[in-house]
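From first to last, the protein sequence lines stand for chains A and B. Taking this note's numbering, the leading residue of the first sequence gets 1, the next gets one more, and so forth. Taking this note's numbering, the leading residue of the second sequence gets 1001, the next gets one more, and so forth. All C-beta atoms in this analysis are idealised placements derived from N, C-alpha and C, irrespective of residue type, glycine included. Note that the coordinates shown come from a computational prediction; the quantities given were computed from them, not determined experimentally. Down below is the structure, laid out as structure tokens.
Protein chains: 2
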Amino acid sequence: MGIREVAKRAKVSTATVSRTMNSAAFVDPETAARVWEAIRELNYYPDLQARSLVSGKSRIFGLIVSDITNPFFPELVKGFEDVAVRHGYEVMVSSTNYDSGRMGLAVRRMLERKVEGVGIMTSEMEPALINELVRREVPTVFLDVGEVHHFISNIRVDYATGINRAVDHLLSLGHSRIGFISGPLRLKSARVRRSAFLQYLTEAGILEDDELVTEGDHTIDGGLNAMSRLLQLPDPPTAVLASNDLTAIGAMSAVRRHGWSVPQDVSVIGFDDIHFSEFIEPPLTTVRVSRTELAETAFRALLNHNQPEVEGAEVHGVEYSITTTFVIRSSTAVARPPGRLPAS
Amino acid sequence: MGIREVAKRAKVSTATVSRTMNSAAFVDPETAARVWEAIRELNYYPDLQARSLVSGKSRIFGLIVSDITNPFFPELVKGFEDVAVRHGYEVMVSSTNYDSGRMGLAVRRMLERKVEGVGIMTSEMEPALINELVRREVPTVFLDVGEVHHFISNIRVDYATGINRAVDHLLSLGHSRIGFISGPLRLKSARVRRSAFLQYLTEAGILEDDELVTEGDHTIDGGLNAMSRLLQLPDPPTAVLASNDLTAIGAMSAVRRHGWSVPQDVSVIGFDDIHFSEFIEPPLTTVRVSRTELAETAFRALLNHNQPEVEGAEVHGVEYSITTTFVIRSSTAVARPPGRLPAS
DNA sequence: CTGTTAGCGCCTTCAA
DNA sequence: TTGAAGGCGCTAACAG
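As structure tokens, then:
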């Protein structure tokens, strides 16, 4: 069931079949009709592998995420896949589990499959790898790495706005001991979120207390552990911001296991606004990052590198930006009276 | 950077390069060393597309799930990907959103990429499509469709055991008005779960009440709506089983919005045991289906079709079976006194 | 043990 | 407007 059968059946050459499938141009309508009919009758599918081989274009984009198990990512992947498929691209997804070894493997697999671009939505990136990508001139789009090069674009999430509004909200609720649970600090994006938090807190005149800033790992368990640590403090925070929703959910779990409750004893704010956050108890106040927007931007970036409208645009990467929205639900409330430590 | 450059640099023919990479056998150790060195120096990656073209094997498996946004699936995908990559396979994932049109597209894309097998972990399958798969002799493994053919294997989830234990548990807690929120009934797997429930209830001597069995759609929102309906009943159930955890989470949300609480006023039991379920409030009592086991079984099935150990095993599909475990957490409790209707 | 040759399925000049 | 021929990068006989 190759192009040859089709050609034979339509009584034309394989070249003609190829032409009618692709450039429709320069082929007699009648001949074309015969060809299409043959295609339908034989139920013929072109072999994309073979096609890539000759065209040099695989029409595959790679997408690397850190943890497919974090609901934020499937939603992102789904969005990316939707646009991609709509544009005739396939997408190869890979989850690294925050492990840079796996990241290396993922990149390699993608290179082997000749992807036309890769979106790296995580930050554990070895310089060696990114050099490899650049050397092979594979269009790449990063999330929050901040360096734009030839073939390298970047999407910057405007954390500041969201975090600031979140802190404002807590301040207006009378909180002054505010904790922060970061993501794994070897991730650039985690560090960026953390800095945004610390910076704004300082600006707001809340003296930052080192012991209130602790490290999680962007998982539920990580949030649970981090929050437990915070609760051991002589004077635990009255509110906590988490670096992502999973962490926040873990944190709430920790608060409950401690015998306290959210938001009466501790207010909790998440980050991402995964679909879940609206339905858990209590519904989570959080800072939303739009997955669709992110996905579409990433795809657009990759596409631009491949079909530059403007001369030279294909090499110079560009810096995109995504905004962030604060959404108030029920995991935040007025701070518990200062000094009052609920029995645990 | 093709095989030719490597050959030239190592001063051998391309055939020798190919041989040292693949069958290491029959190549002088010294020559091989030179080749490997050249490969390393050039940082050469073989072009998998080209390789597939000649070998006829793409080393890609397709995996079709219904909703990548349901945490059950990413966990499944991750497991599948892990085994696959470990065996040198790539995996092409596609999410259908319960839409059979998208399913058709997904299958087509996979066929075009010449997958060596496809795992269909959802049930909205048009007979035409499955015929197409059979005709092309693409090994396929289904979840719960129940028909084993040439090239078609099936994984049967033993729902009965889990559901029975769940119902037993409710019975022992004094529940007698037990509701059930099914998945979308056009899905075979949803119907299977529903039957298992109804059957056991009948066996247990609880008269089944039609109005207590309602349809959800395996999403949080669906669960929320379905539960709201149940709560409108003159005599609402004291316990509810949901067809999956997402549904259960939605149901709990509905109970709360109704002003009641879980498990005091209504007990809720889920199905799947997604990672989340342990951390929500209250932690969800549920029936676990192991994603890893499922993923590994699916992969094994596909692999078996491709490298049959036994003569003829490649055509006859086989029926695999997965067990199910009941895990008790805190969303279930003693039934509220009969007749007592908590104020809403 | 190694090189030469012939494709895999398709697209793309180059002539006709 | 169409066909013949060559080649994409690689592997698989078949000779040496």
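Below 7 Å on C-beta distance, what does residue i contact in chain A?
i        : result
F1279(B) : I220, I249, G250 and S253
S1189(B) : Residues of chain A passing the Cβ test: none, with the nearest at roughly 20 Å.
Cβ closer than 8 Å: which chain A residues qualify as neighbours of residue i?
i        : result
Y1045(B) : R108, L111 and E112
T1069(B) : P71, P74, E75, K78 and H275
S1018(B) : The contacting residues do not exist; S1018(B) stays about 15 Å from chain A at best.
S1195(B) : Those within 8 Å of S1195(B) in chain A number zero; the least Cβ separation is about 28 Å.
For a contact meaning CB atoms closer than 9 Å, what does residue i contact in chain B?
i       : result
P337(A) : Within 9 Å Cβ-Cβ: nothing; P337(A) doesn't reach chain B, min ~24 Å.
L48(A)  : Q1049, R1109, E1112, R1113 and K1114
Shortest alpha-carbon distance to residue i belongs to which of the options?
i        : options                                   : result
D47(A)   : F299(A), P71(A), M21(A) and E30(A)        : M21(A)
D217(A)  : A190(A), L230(A) and L231(A)              : A190(A)
S1176(B) : R1135(B), G1223(B) and P1236(B)           : P1236(B)
D1221(B) : G1117(B), A1242(B), R1165(B) and I1206(B) : A1242(B)
R288(A)  : P282(A), S277(A), L42(A) and A298(A)      : S277(A)
D1168(B) : D1144(B), V1327(B) and L1233(B)           : V1327(B)
L1254(B) : T1202(B), E1090(B), R1229(B) and T1324(B) : According to the sequence shown, residue 1254(B) is Ala rather than Leu. Comparing Cα positions, the closest option is R1229(B).
Y1320(B) : N1306(B), T1297(B), Q1307(B) and I1060(B) : T1297(B)
T69(A)   : L233(A), T238(A) and N97(A)               : N97(A)
F73(A)   : H275(A), G183(A), L105(A) and S182(A)     : H275(A)
P1263(B) : P1283(B), D1272(B) and A1032(B)           : P1283(B)
T325(A)  : Q307(A), R291(A) and P337(A)              : R291(A)
S182(A)  : Y159(A), E215(A) and E203(A)              : E215(A)
N1244(B) : F1299(B), D1265(B) and Y1159(B)           : Y1159(B)
R109(A)  : D265(A), W260(A), T161(A) and G62(A)      : G62(A)
L1201(B) : F1180(B), I1120(B) and V1266(B)           : F1180(B)
N43(A)   : P1071(B), R1165(B), R1135(B) and A1024(B) : R1135(B)
Residue i and residue j: beta carbons closer than 7 Å?
i        : j        : result
T1140(B) : L1133(B) : yes
G174(A)  : A335(A)  : yes
G1079(B) : A1295(B) : yes
I1269(B) : T1247(B) : no
L1170(B) : I1178(B) : yes
L53(A)   : A1050(B) : yes
S94(A)   : E126(A)  : no
I1322(B) : I1155(B) : yes
I1064(B) : F279(A)  : no
E1075(B) : V1091(B) : no
E1211(B) : L1198(B) : no
E1116(B) : S1058(B) : yes
G317(A)  : H87(A)   : no
V17(A)   : V6(A)    : yes
K1188(B) : V1145(B) : yes
A1196(B) : G1223(B) : no
In the DSSP assignment, the alpha helix (DSSP H) including residue i goes from what residue to what residue?
i        : result
L1224(B) : I1220 to Q1232
G1162(B) : Y1159 to S1172
D1245(B) : D1245 to R1257
Y1320(B) : First-last for Y1320(B): E1319 to I1322, but that is the beta strand (DSSP E), not the alpha helix (DSSP H).
E203(A)  : K188 to E203
F1080(B) : F1072 to R1086
A15(A)   : T14 to M21
L42(A)   : P29 to L42
Less than 6 Å between the CB of residue i and some heavy atom of the ligand GDP, yes or no?
i       : result
Q307(A) : You won't find the ligand GDP in this model; it holds no ligand whatsoever.
Output the boundary residues of the beta strand (DSSP E) element that contains residue i.
i        : result
M1121(B) : G1117 to M1121
S95(A)   : E90 to S95
G1179(B) : I1178 to S1182
S267(A)  : S267 to D272
E215(A)  : V213 to E215
L285(A)  : The question names Leu, but residue 285(A) is Thr in the sequence shown. Looking at the DSSP string, the run of the beta strand (DSSP E) that includes T285(A) is T285 to V289.
G1062(B) : I1060 to V1065
L1048(B) : Counting along the chain, L1048(B) falls outside any beta strand (DSSP E), though it belongs to the alpha helix (DSSP H) covering L1048 to S1055.
V1141(B) : T1140 to L1143
Could you name the residues of chain B that residue i contacts, counting a contact when the two beta carbons are closer than 8 Å?
i       : result
M92(A)  : E1090 and M1092
R256(A) : E1281
S58(A)  : Q1049
S331(A) : In chain order: nothing, as chain B lies at least about 11 Å away.
S176(A) : In chain order: nothing, as chain B lies at least about 27 Å away.
Give me the chain B residues within the contact set of residue i, using Cβ-Cβ distance strictly less than 7 Å, ordered along the chain.
i       : result
S52(A)  : Q1049
S267(A) : Under the 7 Å cutoff, chain B gives no residues; its nearest Cβ is about 16 Å from S267(A).
Under 9 Å Cβ-Cβ, which residues of chain A neighbour residue i?
i        : result
S1066(B) : Residues of chain A passing the Cβ test: none, with the nearest at roughly 12 Å.
S1172(B) : Neighbours of S1172(B) on chain A: none; closest Cβ ~26 Å, over 9 Å.
S1228(B) : Simply none; closest approach about 13 Å.
Can you pull out the residues from the region 282–307 of chain A whose beta carbon lies closer than 9 Å to at least one beta carbon of chain B?
P282 and P283
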